[in-house]
Amino acid sequence: MSTRVEPAQEGLDIEDLEFAQGGFDGPGSGFGVADVNDGQVLRPINWNLLTAEEALLEWADLDAWVQWLRRTFGLPPSVVPPLWHRHDELVWELSALHTHWLNAYDPDGTPSGPIGWLRDFADARHRLREWVSSAGCRLDRDRPTRQTAWPGEAPPEASGEVEILDRQADFVRFVTEDVAARRRTEE
């Protein structure tokens, strides 16, 4: 069964998601609020521990960076699919790659940092391609990552693929839901 990811509907609070229309335009323009070098120490991102506000900033920055990455390196949807944000394995890989990139290109970093990042990026592309293939993601369709139940576990809920009509609207919806869930947990 196929469902459709519809374009953005009225009522979405895009004011809270300023990044929805933004993006990274090139070196020097910055990715967003969390990537601005304001004296904060660069740290790995543990998506399981982020507060709602931290998650909102990290999603904004990661999305802008992934947009830059796919355009700069001409990455096909077999490496970075449109709904990458709906696949935990892709979020963790891309987030780690993003943090590594920030470190490699830090003005105070080592001159060999960029070549190390490029080498690791080559390895990451192989992993991304494998996960995308395993999930069955395509340019115009997406389905949840396949899960296998271990003996004694209930089988995972079956869900079909979705047709992608508006990637940005889906991203905004996804982040809105993620941030709302984190806020409920914080309360």
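In terms of our numbering, the sequence shown opens at residue 9 and continues consecutively. We put the CB at the ideal spot given by N, CA and C, even for glycine. This structure is a prediction, so every number in the text was calculated from the model and none was measured.
Limits of the beta strand (DSSP E) - the one that residue i falls within
{"i": "Val170", "result": "170 to 172"}
Residue i to residue j span [Cα, whole Å]
{"i": "Pro89", "j": "Pro122", "result": "25 Å"}
{"i": "Trp158", "j": "Ala166", "result": "16 Å"}
{"i": "Asp71", "j": "Gln176", "result": "10 Å"}
{"i": "Arg79", "j": "Val183", "result": "22 Å"}
{"i": "Ala104", "j": "Ser120", "result": "19 Å"}
{"i": "Pro162", "j": "Arg154", "result": "One detail in the question is off: residue 162 reads as Ala in this sequence, not Pro. Looking at the two C-alpha atoms, the distance is approximately 14 Å."}
{"i": "Gly168", "j": "Arg127", "result": "36 Å"}
{"i": "Leu77", "j": "Gly160", "result": "41 Å"}
{"i": "Pro96", "j": "Glu171", "result": "Rather than Pro, the amino acid found at residue 96 in this sequence is Asp. C-alpha separation (whole angstroms): 19 Å."}
{"i": "Asn54", "j": "Glu101", "result": "12 Å"}
{"i": "Asp116", "j": "Pro164", "result": "47 Å"}
{"i": "Val74", "j": "Ala60", "result": "21 Å"}
{"i": "Gly40", "j": "Asp150", "result": "The predicted position of Gly40 is uncertain, since its pLDDT is 45 and thus under 50; no value can be drawn from it."}
{"i": "Val99", "j": "Trp92", "result": "7 Å"}
Start-to-end residues for the alpha helix (DSSP H) that takes in residue i
{"i": "Leu58", "result": "No alpha helix (DSSP H) holds Leu58; DSSP gives it neither H nor E."}
{"i": "Glu101", "result": "96 to 112"}
{"i": "Gly144", "result": "From DSSP, Gly144 is part of no alpha helix (DSSP H); its letter is neither H nor E."}
Per DSSP, cross-strand counterpart(s) of residue i
{"i": "Asp150", "result": "Val170"}
Where residue i sits in the DSSP three-state scheme
{"i": "Phe81", "result": "coil"}
{"i": "Asp116", "result": "coil"}
{"i": "Thr193", "result": "helix"}
{"i": "Ala68", "result": "helix"}
{"i": "Thr156", "result": "coil"}
{"i": "Ala63", "result": "helix"}
{"i": "Arg175", "result": "helix"}
{"i": "Pro164", "result": "coil"}
Proximity winner among the options, relative to residue i (alpha-carbon distances)
{"i": "Gly124", "options": "Phe81, Ala166, His108, Val99", "result": "His108"}
{"i": "Leu147", "options": "Asn56, Leu110, Pro52, Ser86", "result": "Ser86"}
{"i": "Arg190", "options": "Asn54, Val49, Leu58, Leu50", "result": "Leu58"}
{"i": "Arg94", "options": "Leu126, Glu185, Thr193", "result": "Glu185"}
{"i": "Pro84", "options": "Val140, Leu64, Val180", "result": "Val140"}
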